[in-house]
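Trainee: Dumping the structure here so I can ask a few things about it.
Structural data, given as structure tokens:
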């Protein structure tokens with residue numbers, strides 16, 4: 001009694017690294033270390049410390065981060081950013097040609113037929129109908145023409161992927177049933193077909209032997 005001020009909790013020589021769970025604490029024993037960036041707890045405080053390590057604070061889960069001290073929760077990564085591991089202070093940025101939805105744990109490559117020239121994006125830009133990109137993860141808006149072919153039910157056939165402004169190009173597999181696997185081929189959708197077409201266009205890993213894909 002008779003005190004005109006309160007003593008400050010100090011952890012590791014830094015008052016900002018310690019606190020109490022409420023007001024009216026009467027003992028230094030009530031002082032607890034605060035959770036550090038990349039970690040959190042229900043009160044934002046740890047249960048103790050081992051050297052410079054705060055005990056009782058959980059690491060932020062993958063897909064989240066926290067750059068502030070004494071946090072009671074972690075922040076979900078924004079679209080175009082990701083956190084692949086636990087305990088990150090800040091989410092990482094997706095590079096051009098890649099994207100991530102909010103809360104992402106990794107950046108995904110833009111698929112064939114899409115591209116993204118900017119970083120920190122949560123979706124890719126589609127090529128015009130009947131056009132595609134020559135690789136996954138494209139950061140360029142250079143889309144090339146796909147020459148359509150007509151297939152009988154169950155057929156797979158070779159066509160040509162035209163270069164920009166030209167007709168010649170690398171081989172490509174045309175499949176009439178991409179959604180259901182395209183027969184024996186494990187197809188990946190290349191480009192949306194125009195209205196009125198009944199067959200989709202696809203390229204498979206088998207085409208890598210032709211120097212493309």
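Residue numbers (UniProt numbering): 1 to 213. Just so you know, even glycine gets a beta-carbon here, dropped at the ideal spot from N, CA and C.
(1) In this structure, what does DSSP give as the bridge partners for residue 61?
(2) When the distance is taken between beta carbons, is residue 104 closer than 9 Å to residue 116?
(3) Going straight from the alpha carbon of residue 77 to that of residue 141, what length do you get?
(4) Compare the Cα-Cα distances from residue 69 to each of 80, 133 and 88 and report the closest residue.
(5) Quick one: Cα of residue 46 to Cα of residue 56, how far?
(6) Taking 7 Å as the limit between beta carbons, can you name the residues of its chain near residue 37, skipping five residues before and five after?
(7) By DSSP, does residue 50 sit in helix, in strand, or in coil?
(8) On the CB-based measure, 16 or more other CB atoms within 10 Å of its CB, does residue 33 come out buried or exposed?
(9) Tell me the rounded alpha-carbon separation between residue 60 and residue 131.
Mentor: The short version:
(1) In the chain shown, counting from the first residue as 1, residue 61 sits at position 61. When DSSP reads this structure, residue 61 sits in no beta bridge, so it has no partner.
(2) In the chain shown, counting from the first residue as 1, residue 116 sits at position 116. In the chain shown, counting from the first residue as 1, residue 104 sits at position 104. No, the pair does not count as a contact, with Cβ atoms beyond the cut-off.
(3) As a first step, residue 77 must be located in the chain shown, where it is residue number 77. As a first step, residue 141 must be located in the chain shown, where it is residue number 141. The straight-line gap separating the alpha-carbon atoms of residue 77 and residue 141 is approximately 27 Å.
(4) Taking the chain shown and counting its residues from 1, the one referred to as residue 69 is at position 69. Per the Cα distances, 88.
(5) Residue numbering aside, residue 46 sits at position 46 when the chain shown is read from its first letter. Residue numbering aside, residue 56 sits at position 56 when the chain shown is read from its first letter. Distance between the alpha carbons of residue 46 and residue 56: 5 Å.
(6) Numbered from its first residue, the chain shown carries residue 37 at position 37. Contacts found: 66, 67, 68, 69 and 89.
(7) Sequence index remark: in the chain shown, residue 50 carries index 50 (1-based). Assignment of residue 50 by DSSP, reduced to helix, strand and coil, places it in the strand class.
(8) Position 33 of the chain shown holds residue 33. With 16 or more neighbouring CB atoms inside 10 Å of its own CB, residue 33 falls in the buried class.
(9) Position 60 of the chain shown holds residue 60. Position 131 of the chain shown holds residue 131. Taking the straight line from one Cα to the other gives about 42 Å.
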